[in-house]
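I have placed the structure first, in the form of structure tokens, so that the comments after it can refer back to it.
Residue numbers (this note's numbering): 95 to 538.
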């Protein structure tokens, strides 16, 4: 297979270089499409890089200056001499089609990269002792990197990192929210929004409203902020999730909706809500027993197709694991690490719901702690932010002396780059919607 001529277009490469020489503004067009390594001929790679360097140094670019630069760097003869440079110029009457030629060069380079990766995949499949799923994940990652035309460097200079950091600080100067807003003001002020590459864990015991809170935040991001987000529901079907979203957004009783108890006036409200929700870039996947490998594959495709800005997973303990880990705790550890790696790979926050253990019977308070994360493994260590959802009223149902305040506590128990605190929320159970609670509702 590898004895065949790899995909390339020497004519397109020559046309790109000739256009860059005769019309220096074409360089700004070309550098957005191609890189030196996209050229098949080593001589073309050299000429391209010299032209780009000259442009970056604000040097005039033409046939004479290019020849002088190649002579100075002792590369003129290696690229074919003055005669070849002249031939490049004479072969291009106009630079008008440079973008078209540059796309050909890039596409041929991508095909060559696919051949290399494909050969590696075949070799790995023949020789590996790993699980087939692991090989598949590695193959998909390699192809995804080519498809996204972005292969990140493993190391960056301090100069480069500081420049990027300063630019980011300048862009966010005066902004309280530098990440993705949740829609809950105090939470956003506390976290500055959900940050790219972070894993945010929402821990709660059953019946505390984990799914409702995740859906409320996903709805805010997609509908209000128009950010594309993915919601992976392992517990409820996509139809159930959609019904919840519709009831919550329309502020319509979910039980009445399920029973079909909808008046003509109600239909108007529901249809208006559906009109707002329909164009929202919210993508719902209800694959049951989802594995980390499947989650990665689906999220990568959504990132490539829709540039999703956040991933929601409901919830951790329902995820399946097909590796060699023995105990469930080891499995959860591997799942947690895989999700954290996904957040970093895609550069988006992953908001992950997790079930909590019930606290010991002799604990004086049922208020949750991070140690209550069921089969927690390394969740606490992997997470950048850990929030715990708590409703004290739940534990006093039937107590005649207890005054029900309908206040949920969202305890920010861990924040790697910020303070911890508690955010108070009110839960409207009939429409499955959380709202910020006024201070006097939780005053002691």
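Where a beta carbon is used, it is the ideal one built from N, C-alpha and C, also for glycine. It should be emphasised that the depicted structure is a prediction, and the values quoted were computed from it without experimental measurement.
Can you list, in chain order, the residues of its chain whose CB lies under 6 Å from that of residue i, leaving out five sequence neighbours each side?
| i | result |
| --- | --- |
| residue 233 | 215 |
| residue 244 | Because residue 244 carries a pLDDT of 45, less than 50, the predicted location of this residue cannot be relied on, and no value is offered for it. |
| residue 509 | 479 |
| residue 332 | 378 and 380 |
Please report the distance separating the alpha-carbon of residue i from that of residue j.
| i | j | result |
| --- | --- | --- |
| residue 435 | residue 384 | 16 Å |
| residue 135 | residue 109 | 13 Å |
| residue 246 | residue 175 | Per-residue confidence for residue 246 stands at a pLDDT of 42, beneath the threshold of 50, marking its modelled position as unreliable; no derived number is given. |
| residue 386 | residue 359 | 44 Å |
| residue 95 | residue 181 | Per-residue confidence for residue 95 stands at a pLDDT of 46, beneath the threshold of 50, marking its modelled position as unreliable; the derived number appears in the next sentence. Rounded to whole angstroms, residue 95 to residue 181 spans 33 Å at the Cα level. |
| residue 120 | residue 161 | 18 Å |
| residue 415 | residue 439 | 20 Å |
| residue 379 | residue 526 | 20 Å |
| residue 513 | residue 114 | 53 Å |
| residue 124 | residue 466 | 55 Å |
| residue 489 | residue 503 | 14 Å |
| residue 111 | residue 142 | 7 Å |
| residue 398 | residue 212 | 20 Å |
| residue 350 | residue 524 | 9 Å |
| residue 400 | residue 496 | 49 Å |
| residue 187 | residue 179 | 14 Å |
| residue 374 | residue 219 | 41 Å |
| residue 356 | residue 334 | 17 Å |
| residue 282 | residue 231 | 35 Å |
| residue 336 | residue 393 | 20 Å |
| residue 406 | residue 288 | 12 Å |
| residue 254 | residue 272 | 21 Å |
| residue 297 | residue 501 | 17 Å |
| residue 168 | residue 200 | 28 Å |
| residue 99 | residue 209 | 11 Å |
| residue 491 | residue 346 | 25 Å |
| residue 450 | residue 458 | 17 Å |
| residue 494 | residue 348 | 28 Å |
| residue 299 | residue 225 | 34 Å |
| residue 353 | residue 371 | 22 Å |
Taking Cβ to Cβ, would you say residue i is nearer than 7 Å to residue j?
| i | j | result |
| --- | --- | --- |
| residue 519 | residue 531 | yes |
| residue 444 | residue 433 | yes |
| residue 323 | residue 404 | yes |
| residue 315 | residue 274 | yes |
| residue 189 | residue 132 | no |
| residue 144 | residue 163 | yes |
| residue 389 | residue 377 | no |
| residue 202 | residue 102 | yes |
| residue 138 | residue 107 | yes |
| residue 596 | residue 341 | What the structure shows of the chain is the stretch from 95 to 538, and residue 596 is not part of that stretch, so it cannot be assessed. |
| residue 446 | residue 410 | yes |
| residue 338 | residue 309 | yes |
| residue 280 | residue 517 | yes |
| residue 155 | residue 148 | yes |
| residue 237 | residue 448 | no |
| residue 140 | residue 173 | yes |
Helix, strand or coil: which one does DSSP assign to residue i?
| i | result |
| --- | --- |
| residue 363 | helix |
| residue 141 | helix |
| residue 281 | helix |
| residue 378 | strand |
| residue 346 | coil |
| residue 127 | coil |
| residue 451 | coil |
| residue 155 | coil |
| residue 186 | coil |
| residue 414 | strand |
| residue 408 | strand |
| residue 215 | helix |
| residue 442 | coil |
| residue 427 | helix |
| residue 170 | coil |
| residue 274 | strand |
With a threshold of 7 Å on Cβ separation, who are the neighbours of residue i within its own chain once the five nearest residues in sequence on each side are excluded?
| i | result |
| --- | --- |
| residue 437 | 291, 292, 293, 443 and 444 |
| residue 431 | 472 and 476 |
| residue 412 | 328 and 329 |
| residue 368 | 340 |
Determine whether the Cβ of residue i lies closer than 7 Å to any Cβ atom of chain C.
| i | result |
| --- | --- |
| residue 438 | Although the question refers to chain C, the structure presented lacks it and comprises just one protein chain. |
Any heavy atom of the ligand MN within a distance shorter than 6 Å of the CB on residue i?
| i | result |
| --- | --- |
| residue 98 | Questions concerning the ligand MN fall outside what the structure shown contains, since it holds no ligand whatsoever. |
Whose C-beta lies closer than 8 Å to the C-beta of residue i among residues of the same chain, with five residues either side of it excluded?
| i | result |
| --- | --- |
| residue 320 | 374 and 375 |
| residue 284 | 506, 509, 512, 513, 515 and 517 |
| residue 153 | 159 and 163 |
| residue 362 | none |
Which runs of the beta strand (DSSP E) fall wholly inside the region 461-537 and span at least 3 residues, in chain order? Given a length threshold of 3 residues, each whole run of the beta strand (DSSP E) inside the region 461-537 is given here in chain order: 479-484, 502-509, 515-522 and 527-530.
Continuous beta strand (DSSP E) assignments of at least 3 residues falling wholly in the region 289-347: DSSP runs (the beta strand (DSSP E)) wholly in the region 289-347: 293-298 and 323-327.
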